[in-house]
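> Starting off with a structure, shown below.
There are 6 protein chains.
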Amino acid sequence: MLATIWVINPIITKEFEEGTCREVDRYKTPELDIKVKTIEKGPASIECRYDESWAVPWVTTTIKNLEKDASAFVINCFGDPGVESAREITRVPVVGAGSSSMLLASLLGHRFTVVTVLKRLEPLFQEIAWRYGIITKLASVRAAEIPVLDLDKDKNRLIQRIVEESVLAIKNDSAHVIVLGCTGMAGLASEVSNQLQEFGYEVPVIDPLYAAIQIAFMLVKMEISHSPMTYPFPPEKLRIF
Amino acid sequence: MLATIWVINPIITKEFEEGTCREVDRYKTPELDIKVKTIEKGPASIECRYDESWAVPWVTTTIKNLEKDASAFVINCFGDPGVESAREITRVPVVGAGSSSMLLASLLGHRFTVVTVLKRLEPLFQEIAWRYGIITKLASVRAAEIPVLDLDKDKNRLIQRIVEESVLAIKNDSAHVIVLGCTGMAGLASEVSNQLQEFGYEVPVIDPLYAAIQIAFMLVKMEISHSPMTYPFPPEKLRIF
Amino acid sequence: MLATIWVINPIITKEFEEGTCREVDRYKTPELDIKVKTIEKGPASIECRYDESWAVPWVTTTIKNLEKDASAFVINCFGDPGVESAREITRVPVVGAGSSSMLLASLLGHRFTVVTVLKRLEPLFQEIAWRYGIITKLASVRAAEIPVLDLDKDKNRLIQRIVEESVLAIKNDSAHVIVLGCTGMAGLASEVSNQLQEFGYEVPVIDPLYAAIQIAFMLVKMEISHSPMTYPFPPEKLRIF
Amino acid sequence: MLATIWVINPIITKEFEEGTCREVDRYKTPELDIKVKTIEKGPASIECRYDESWAVPWVTTTIKNLEKDASAFVINCFGDPGVESAREITRVPVVGAGSSSMLLASLLGHRFTVVTVLKRLEPLFQEIAWRYGIITKLASVRAAEIPVLDLDKDKNRLIQRIVEESVLAIKNDSAHVIVLGCTGMAGLASEVSNQLQEFGYEVPVIDPLYAAIQIAFMLVKMEISHSPMTYPFPPEKLRIF
Amino acid sequence: MLATIWVINPIITKEFEEGTCREVDRYKTPELDIKVKTIEKGPASIECRYDESWAVPWVTTTIKNLEKDASAFVINCFGDPGVESAREITRVPVVGAGSSSMLLASLLGHRFTVVTVLKRLEPLFQEIAWRYGIITKLASVRAAEIPVLDLDKDKNRLIQRIVEESVLAIKNDSAHVIVLGCTGMAGLASEVSNQLQEFGYEVPVIDPLYAAIQIAFMLVKMEISHSPMTYPFPPEKLRIF
Amino acid sequence: MLATIWVINPIITKEFEEGTCREVDRYKTPELDIKVKTIEKGPASIECRYDESWAVPWVTTTIKNLEKDASAFVINCFGDPGVESAREITRVPVVGAGSSSMLLASLLGHRFTVVTVLKRLEPLFQEIAWRYGIITKLASVRAAEIPVLDLDKDKNRLIQRIVEESVLAIKNDSAHVIVLGCTGMAGLASEVSNQLQEFGYEVPVIDPLYAAIQIAFMLVKMEISHSPMTYPFPPEKLRIF
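Chains as they are written, first to last, in the working numbering: chain A, 16 to 256; chain B, 16 to 256; chain C, 16 to 256; chain D, 16 to 256; chain E, 16 to 256; chain F, 16 to 256.
Structure, rendered in structure tokens:
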């Protein structure tokens, strides 16, 4: 076995973990093992800054605990909660689903649109895009307006809404690539792509969890990680939890 | 009394609270009461993303608890920890020391330099500058390279280092305004300004806590606050702490 | 009395002065006196660069004459006529209504729209936004298409047009904050805000004159002013008027 | 005769007019007549915003008076004083020396440096570069630190200083093109270019007056002018001078 | 004769050469001779990167062969094929139709739209705009969706489509200047301008070939060319064709 | 076998092919076969736009010929010659070494520096960085000033020069990640990294060929490719070679 990647679910919802496990099973190979860990405390889902702020401490704690058995970590949320903090406490690669998939989208076409759950996440995703340098490639952030915890309730309706917003993105925002903007949409990329093709639009559709796992595996193989100059270890000091 | 502003210290260090109290006493007027509250749990100081992530949940909790007695909140740290999250849970104005003082600096001259404690904070401060739109006005981030908890150990040395870096900022980075980049430097602006003048450099020097308090008071008087469209209330959901 | 702020009306129309006086009376406090001065020569209103160029010399002259009795100056026009010039001839703070209110808007939300009198002013306002660093926060400039000198003719119609354009800004331009883009709209912020709320849009609405007075007062209290490095005194030379 | 271009000197110094006349005589052809007009009132030289603001009204008046006999106007100052205002009152092309020469520099190489008289002009020139879209091409603004009215006192010293700053621009700022940043440097481009070549630097050196005249002539031949949508005529109103 | 400008047609279609010859005849003067040269091998038209890549080698070869008899070269295609390469092999000015006309458009108004043949060219034209610094002035790229080789088939229809897209650019994209985005549209500027005026839109319409010829002639008269620092000669080495 | 990636050497130098074969042998796995193909005609090395323009046609031809046997293509040159053109003629993923490695660098740290062979390549690399959206992450382009064909002559000297420039990049340009800016430097990343660590600088050093192969393999596994909307097939037309 070459690598063990831990996928960290930054929300406490167990049903979400089951879906993640099903999904990552498809990506396992003889070279790559993928394990899933759900944080023990935190929010049921992440749909705003406030949710995010309650997830991050537990993401970092979880990563610290698993560090010795991990080749790399993937944070399984498009908002990249805890990526910046976690990179400060480990030299093992930590990769976020949002940043990974948006960088990949930049490579593949002129501009990309993120189709996410709620429009209110737009400023947060723009901030991630800016942090990693690709804000000018982000054509728009569009939303299905379906809360995270309702994503699994009606898969057909979810796919329909993603396709509708993708078509608008292509027609109105000059998007040439679609990024699924929530890891709760994992596994839907090919179906969305197919339906778009039926409408006459041939565009790459990126699954953010899959992209993040592949980027993480790539870092393991290349034996590189995030820069210690950007993410030096935190100074020792009292921290009461 | 027109307004009660709560200054939230996002670190658990009690000595810091004393300094803050001394400082804000100078800014009180018959119209404006200022109270200081230190978070009960969290880090001893904030010098990286990891520290920040442990402070934010307690900042939001503290603000929620005080909401009924507050005209506005000031988060007393240049890194603006919790500003974005807290704005989602209250309609009372929440103002950060970093964003406030950098916006004020933008108004006063061509470009400004932030002189902070540690160079490692540069990407974080650039991110705040970008979030509030003023990244092109930020000439540079320079650092005294003195940890937060050592700031009070030798005030003369601290001032000297701030002045040295300010001179370099003016000469090499085309800075026309200096922003003190740590609220642990509160109260030093006029001394830094005086010493710079002795070196022949006449530039505004901005105290970030003072700037944030004044901006917060201004919002109270104008009866406006952060936008509910950028900061809608978080959806109700399970959050385990 | 802590401070005397002079509001400089950069147009010769006397009716406008009366409105300004009524407006600033509401902002006076025991700490803050506000006086209004109208330039003696210049244009009847400012609606283009040409108007602006005829106002600026008289703005600077007026400010120079009042300098000894002033704690700060506010230039009562969204186009900031004479702010840059006047800052070169006095060390007393000079604050423009456009720059002040746009910086404040940047602090309060994701992006803001300026709703002004005439669309033709768009490039000028974008230039001010760029000068102060916040061009990326400016979602759009929209216009009521009512000339300055007609603003007082039908207040209801004016408010209705501002509200209409604000709704379009929120829906089409992703504006989260509205800035009234003409000081002839002073005093309308709360009415506009109320009507927007009736339409279901809860956004801060910023009154530019009020914002500028508050920023100016803040500078007085903080004992800082614009940077002498950006605005050195003009060299002595012959200037014939 | 195809065209008559009027060069407007926006300063009252008569010696400057003589130099301009000598210079433009070299550019006349059977197709192109060039005439020089000095404003009657205004500053002795333009070295700051305040100077500029006293020149602009007379520039516009002068242009209005000459409009009927002009194929195009060139404003003979790198700060483009009055270009924006004048374009609002005439459909005859009005071209500034700063914008013209910086746009030409953008066409010729990777990045350009403006070598001007006084460093204090940097924000103004950056603003012009931004207005015409080419701010990313502006490597730096450097200054000989010789006042405008002293430029003719010692031509050798002036050229030496321009060459010194040009060498620094090439070595430190990655400048690939040099723009002479004051029309008082008219006629020096080839001498500066020659001396730079002796130092081993082969770069285009652009004379701003010459560039502006050629651009203006080009507009005449192409029968196009500035856009009436950007520069609509000012509304009629009272303007007292 | 002051100058001989060679217009290089970077496509092998002979009918296009005839049109070019007719067009440039109108621009000849006693001072300026203009000659047209069509590349011997390459694509029938340039409508994508692939076409461009097959044109560029022959553009450079053609220019190298004509260098001794040329005062300047104009590359007669809006995509500027070979401009960057050719500038490396000659010190004679080489000017592209796209970059020249877009820089001119920047000088004339707030923002400009390029109306070209096919929408697929948008990223390429944005790249040219970025290279020459003016990407922020480019309001949009719109297309008639008529292939290059069909442009001459129905002139009225072509003009109608250009006018339609120009009207949309003015109304929806805030375009204040129109640039014809294909040199196959040479000669249509005044007709497009007239029809726009009938619709009530008064905007400059720029013919890219004419603009490029005028810029090239201007460089000849000013005795400057592209910077040898940006375009140093290629090192000697084996190149097999 | 899951995938066959073809590495296209866009230069005719056979010694370079041998080095590439040695290098890629290390990256082969049971899942991934990697083959190398050198273009038959073209330049001996690519060090400028002119070289590039002679390589691109043969890169596209070679790719077209191999299309049926390829899972993906990697263009083995940091200047990405032919990436844009080749993507128009095949739906098989085409990945460039420059864009891939710069995007990866963006993911890993605050800003990165490209250390390449010749400084003259700076504008070209900045253009690639802009095209893929990451220009703001590019701290600087620095050069060993060793021609491509001399890279193998003295490996120690080459490594020393890369390390020297990397240290300057870290100290002066705020680089936190180093990208080797020439595929002729393939295989040196770990040695450069080690030597930097001896100097006290711990930064990721990215090998561009390795990065491109990994990105290409990732696209194969994810079954996505470049967007047909950005890269539609070229229209059929006559093209004479």
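Where a beta carbon is used, it is the ideal one built from N, C-alpha and C, also for glycine. Please read all numbers here as calculations on a predicted model, not as lab measurements.
1. Taking three-plus beta-carbon pairs below 8 Å as touching, is the segment 236 to 249 of chain B in contact with the segment 101 to 110 of chain B?
2. Please go through the segment 136 to 164 of chain F and give each complete alpha helix (DSSP H) segment of 4 or more residues, from N-terminal end onward.
3. Could you spell out the range, first to last residue, of the beta strand (DSSP E) harbouring residue 23 (chain E)?
4. Output needed for residue 36 (chain C): all residues of its chain with C-beta closer than 8 Å, excluding positions within five of it in sequence on either side, in chain order.
5. Are any of the Cβ atoms in chain B nearer than 7 Å to that of residue 68 (chain A)?
6. By the DSSP assignment, the alpha helix (DSSP H) with residue 230 (chain D) in it spans what residues?
7. Looking at the unbroken alpha helix (DSSP H) that takes in residue 79 (chain D), where does it start and where does it end?
8. Return no unless some Cβ of chain C is closer than 7 Å to the Cβ of residue 151 (chain B).
9. Would you mind telling me which residues of chain F sit closer than 7 Å to residue 65 (chain E), beta carbon to beta carbon, in chain order?
10. Indicate whether at least one CB of chain E lies closer than 7 Å to the CB of residue 132 (chain F).
11. Check this for me: beta carbons of residue 88 (chain A) and residue 23 (chain A), under 7 Å apart or not?
12. Could you list which residues in chain B have their beta carbon closer than 8 Å to that of residue 20 (chain A), in chain order?
13. Is it right to say residue 96 (chain C) is buried, meaning 16 or more other beta carbons lie within 10 angstroms of its own, or is it exposed?
14. Name the chain A residues whose beta carbon is nearer than 8 Å to that of residue 164 (chain F)?
15. Suppose you measure from the CA of residue 12 (chain F) to the CA of residue 119 (chain F); what does that come to, to the nearest Å?
16. Does residue 127 (chain D) pass the burial test, meaning 16 or more other C-beta atoms within 10 Å, or should it be called exposed?
17. Can you tell me whether residue 212 (chain F) is buried or exposed? The criterion is at least 16 other CB atoms within 10 Å of its CB, across all chains shown.
18. Determine, using beta carbons only, whether residue 163 (chain D) and residue 129 (chain D) come nearer to each other than 7 Å.
19. Could you check whether residue 103 (chain A) and residue 64 (chain B) sit closer than 7 Å to each other, using their CB atoms as the reference points?
20. Please report the straight-line C-alpha distance between residue 246 (chain D) and residue 188 (chain E), rounded to a whole angstrom.
21. Could you please tell me which residues of the segment 209 to 234 of chain D, in chain order, have their CB closer than 8 Å to any CB of chain C?
22. Answer yes or no: do residue 159 (chain B) and residue 174 (chain B) have a C-beta to C-beta separation smaller than 7 Å?
23. How would you write the range of the alpha helix (DSSP H) that residue 31 (chain C) sits in, first residue to last?
24. Just to check, is the beta-carbon of residue 95 (chain E) closer than 6 Å to a non-hydrogen atom of the ligand NAD?
25. Express the C-alpha separation of residue 229 (chain C) and residue 235 (chain B) in angstroms, rounding to a whole number.
26. Taking the alpha carbon of residue 69 (chain C) as the point to measure from, which residue in C:124, C:86, C:204 and C:25 has its own alpha carbon closest?
27. Is the shortest distance between the beta-carbon of residue 81 (chain E) and the beta-carbons of chain D less than 7 Å?
28. Rounded to whole angstroms, what's the CA-CA distance from residue 219 (chain F) to residue 152 (chain A)? Just pull it up for me.
29. Look at the alpha carbon of residue 79 (chain A) and the alpha carbon of residue 169 (chain F), and state the distance between them as a whole number of angstroms.
30. Residue 252 (chain A) CB to nearest chain B CB: under 7 Å?
31. Who pairs with residue 47 (chain D) in a beta bridge, going by DSSP?
32. Taking only beta-carbon atoms, is residue 54 (chain F) less than 7 Å away from chain E?
33. Can you tell me the Cα-Cα spacing of residue 131 (chain C) and residue 249 (chain D), whole angstroms?
34. Please classify residue 253 (chain E): does DSSP put it in a helix, a strand, or coil?
35. Anything in chain E within Cβ reach of residue 245 (chain F), meaning under 9 Å, just list it in chain order.
36. Compare the C-beta of residue 181 (chain B) with all C-beta atoms of chain C and state if any pair is closer than 7 Å.
Here's the rundown:
1. With the cut-off at 8 Å, the segment 236 to 249 of chain B and the segment 101 to 110 of chain B touch.
2. Segments of the alpha helix (DSSP H) lying fully in the segment 136 to 164 of chain F: 137 to 146.
3. Start and end: 18 to 24.
4. Excluding five sequence positions before and after residue 36 (chain C), the CB atoms of its chain that fall closer than 8 Å to its own CB belong to 51, given in chain order.
5. Output row for residue 68 (chain A): interface = yes.
6. Counting along the chain, residue 230 (chain D) sits inside the alpha helix (DSSP H) bounded by residues 223 to 237.
7. Counting along the chain, the alpha helix (DSSP H) containing residue 79 (chain D) begins and ends at 64 to 81.
8. At a cut-off of 7 Å between beta carbons, residue 151 (chain B) contacts chain C.
9. One finds 75, 100, 103, 104 and 249 in chain F with Cβ atoms closer than 7 Å to the Cβ of residue 65 (chain E), taken in chain order.
10. Contact of residue 132 (chain F) with chain E is not assigned, every C-beta pair being separated by 7 Å or more.
11. Result yes, Cβ atoms of residue 88 (chain A) and residue 23 (chain A) sit closer than 7 Å.
12. The contacting residues do not exist; residue 20 (chain A) stays about 22 Å from chain B at best.
13. Sixteen is the threshold: when 16 or more other Cβ atoms of the shown chains lie within 10 Å of the Cβ of residue 96 (chain C), as they do, the residue is buried.
14. For residue 164 (chain F), no chain A residue has a C-beta closer than 8 Å to its own C-beta; the minimum C-beta separation is roughly 27 Å.
15. Any question about residue 12 (chain F) goes unanswered here, given that chain F covers just 16 to 256.
16. It counts as buried.
17. Under the 10 Å beta carbon count, residue 212 (chain F) is surrounded by fewer than 16 other beta carbons and is classified as exposed.
18. Their beta carbons are not under 7 Å apart, which means residue 163 (chain D) does not touch residue 129 (chain D) by this criterion.
19. Their beta carbons are under 7 Å apart, which means residue 64 (chain B) touches residue 103 (chain A) by this criterion.
20. Going by C-alpha positions, residue 246 (chain D) is about 17 Å away from residue 188 (chain E).
21. Of all residues in the segment 209 to 234 of chain D, none is placed with a Cβ closer than 8 Å to any Cβ belonging to chain C.
22. With respect to the 7 Å criterion, residue 159 (chain B) and residue 174 (chain B) are not classified as neighbours on the basis of their beta carbons.
23. Annotation: the continuous alpha helix (DSSP H) that includes residue 31 (chain C) extends over 29 to 40.
24. With respect to the ligand NAD, the structure offers nothing, as it holds no ligand at all.
25. Distance from the CA atom of residue 235 (chain B) to the CA atom of residue 229 (chain C), rounded to whole angstroms, is 11 Å.
26. The residue with the shortest Cα to Cα distance from residue 69 (chain C) is C:25.
27. So no, residue 81 (chain E) is outside the interface.
28. Using only the alpha carbons, I get a separation of about 25 Å.
29. Annotation: residue 79 (chain A) to residue 169 (chain F) spans about 44 Å, alpha carbon to alpha carbon.
30. Taking CB atoms only, residue 252 (chain A) has a neighbour in chain B less than 7 Å away.
31. In the DSSP assignment, residue 47 (chain D) is bridged to D:18 and D:44.
32. Proximity of residue 54 (chain F) to chain E, defined by a Cβ-Cβ separation below 7 Å, is not satisfied.
33. Across the structure, residue 131 (chain C) and residue 249 (chain D) are spaced so that their CA atoms are roughly 17 Å apart.
34. If DSSP states are grouped into helix, strand and coil, residue 253 (chain E) belongs with coil.
35. Identification of chain E residues near residue 245 (chain F) by a Cβ-Cβ cut-off of 9 Å yields 135 and 138, ordered along the chain.
36. Cβ-Cβ to chain C under 7 Å: no for residue 181 (chain B).
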